[in-house]
Amino acid sequence: MANVIEVKDVSMLFNLSSEKVDSLKEYVVKLLKRELYFNKFLALEDISFEVEQGDTFGLVGLNGAGKSTLLKIIAGVLKPTKGTVKVSGEMAPLIELGAGFNFDLSAKENIYLNGAVLGHSREFMDQHFDDIVAFSELKEFLDIPIKNYSSGMVARLAFSIATAIKPDILIVDEVLAVGDYKFQEKCKRKMSELLDDGTTVLFVSHSSEQVKEMCNKAVWIEKGRIKKIGSAEEVVDAYTLA
Ligand SMILES: Nc1ncnc2c1ncn2[C@@H]1O[C@H](COP(=O)(O)OP(=O)(O)OP(=O)(O)O)[C@@H](O)[C@H]1O
Ligand SMILES: [Mg+2]
Numbered sequence: 001m002a003n004v005i006e007v008k009d010v011s012m013l014f015n016l017s018s019e020k021v022d023s024l025k026e027y028v029v030k031l032l033k034r035e036l037y038f039n040k041f042l043a044l045e046d047i048s049f050e051v052e053q054g055d056t057f058g059l060v061g062l063n064g065a066g067k068s069t070l071l072k073i074i075a076g077v078l079k080p081t082k083g084t085v086k087v088s089g090e091m092a093p094l095i096e097l098g099a100g101f102n103f104d105l106s107a108k109e110n111i112y113l114n115g116a117v118l119g120h121s122r123e124f125m126d127q128h129f130d131d132i133v134a135f136s137e138l139k140e141f142l143d144i145p146i147k148n149y150s151s152g153m154v155a156r157l158a159f160s161i162a163t164a165i166k167p168d169i170l171i172v173d174e175v176l177a178v179g180d181y182k183f184q185e186k187c188k189r190k191m192s193e194l195l196d197d198g199t200t201v202l203f204v205s206h207s208s209e210q211v212k213e214m215c216n217k218a219v220w221i222e223k224g225r226i227k228k229i230g231s232a233e234e235v236v237d238a239y240t241l242a
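Under my numbering, the first residue of the sequence shown is numbered 1, with each subsequent residue one higher.
If you want it as structure tokens, here you go:
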């Protein structure tokens with residue numbers, strides 16, 4: 001199979017003086033790692049790997065390991081300090097909850113807005129609108145501003161938009177974790193369906209079981225470096241036993 005993603009010698013150096021620490025979790029992790037005292041922080045160091053078409057590729061690692069940073073670089077949201085990323089195909093990134101949404105607008109308006117962000121025309125979104133709404137199960141809530149949505153409802157909307165339009169590459173960073181059990185199951189089925197159609201999936205989850213179940217390959221990132229890469233089973237076992 002052909003490579004659809006090639007990550008080569010990627011390093012990411014953050015300048016902490018201009019940093020915003022978004023959560024207490026991040027702050028504590030940094031404090032414990034004594035990283036708050038440095039001006040520069042190397043979040044990723046010499047990362048290289050390939051993802052083949054049709055892979056479900058899992059990323060595992062502790063909080064702050066660099067998984068989301070790596071996904072953002074692959075999605076083109078962040079530019080790496082060093083190294084290159086080659087991606088072939090259309091990508092639907094679900095990285096941050098609500099990215100590409102305007103919380104003052106209704107779900108209906110956000111479907112079109114997010115579609116535009118993903119590069120789709122209004123006509124194209126018209127054609128897919130009913131499918132998106134049906135999958136999200138948010139029909140009764142279409143006209144209220146999504147700032148009144150729960151985080152699970154936002155995740156439903158985002159996942160429904162990203163997958164209604166068959167992407168070549170689907171990137172899912174933990175956003176499913178806020179969905180309820182039923183919706184998570186539905187998402188898993190949808191991802192399997194997409195996989196059967198040849199979509200490549202990149203998947204971050206803190207559930208080892210989910211990674212083992214969903215992924216054929218995985219990489220374990222530790223403090224910005226690749227600790228282990230290989231079959232999902234091997235990598236997850238090594239990670240959970242460590
Ligand atoms: N914009 C930024 N500026 C400075 N540092 C950042 C920035 N984004 C991320 N970092 C730092 O890079 C490191 C890796 O963060 P990242 O979000 O990639 O971790 P993660 O593996 O996704 O963790 P989690 O499992 O908690 O989601 C952390 O120490 C984080 O604080
Ligand atoms: Mg993350």
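Where is the CB? At the ideal position from N, CA and C, for every residue including glycine.
From a predicted model like this one, the values you see are computed outputs, not experimental measurements.
Would the beta-carbon of residue i be found less than 7 Å away from any heavy atom of ligand 2?
i	result
residue 25	no
residue 222	no
residue 173	yes
residue 154	no
residue 204	yes
Taking 7 Å as the cut-off, does the CB of residue i come closer than this to any heavy atom belonging to ligand 1?
i	result
residue 66	yes
residue 77	no
residue 30	yes
residue 43	yes
residue 61	yes
residue 254	It is not possible to answer for residue 254, since the shown part of the chain is limited to 1 through 242.
residue 14	yes
residue 81	no
residue 69	yes
Hey, out of the options, whose CA is closest to residue i's CA?
i	options	result
residue 8	26, 22, 49 and 198	49
residue 54	193, 116, 178 and 148	193
residue 207	222, 228, 225 and 232	232
residue 156	169, 190, 125 and 126	190
residue 224	203, 51, 1 and 60	60
residue 14	44, 134, 174 and 202	44
residue 185	213, 240 and 201	213
residue 178	64, 205, 239 and 199	205
residue 203	27, 70 and 64	70
residue 25	107, 235, 62 and 95	62
residue 97	147, 84, 200 and 119	147
residue 51	198, 111, 234 and 78	198
residue 183	120, 240, 138 and 167	138
residue 75	143, 163 and 118	118
residue 33	2, 65 and 241	65
residue 135	106, 121, 123 and 159	159
residue 120	72, 167, 79 and 175	167
residue 89	6, 105 and 239	6
residue 106	122, 30, 84 and 140	140
Is the beta carbon of residue j closer than 8 Å to that of residue i?
i	j	result
residue 102	residue 161	no
residue 150	residue 81	no
residue 91	residue 165	no
residue 221	residue 67	yes
residue 4	residue 87	yes
residue 57	residue 217	yes
residue 46	residue 94	no
residue 108	residue 142	yes
residue 219	residue 235	yes
residue 256	residue 125	Not covered by the structure: residue 256. The range shown for the chain is 1 to 242.
residue 180	residue 152	yes
(message) At 3 residues or longer, what runs of the beta strand (DSSP E) sit wholly inside the region 123-203?
(response) 169-173
(request) Count the C-beta pairs between the region 124-140 and the region 198-212 that are closer than 8 Å, then say yes if the count reaches three, no if not. (result) no
(message) I'd like the ranges of any beta strand (DSSP E) spanning at least 3 consecutive residues and lying wholly in the region 22-78.
(response) 40-52 and 56-60
(request) Just list the beta strand (DSSP E) runs in the region 209-239, keeping only unbroken ones of 3 residues or longer that don't cross its boundaries, in chain order. (result) 217-222 and 225-231
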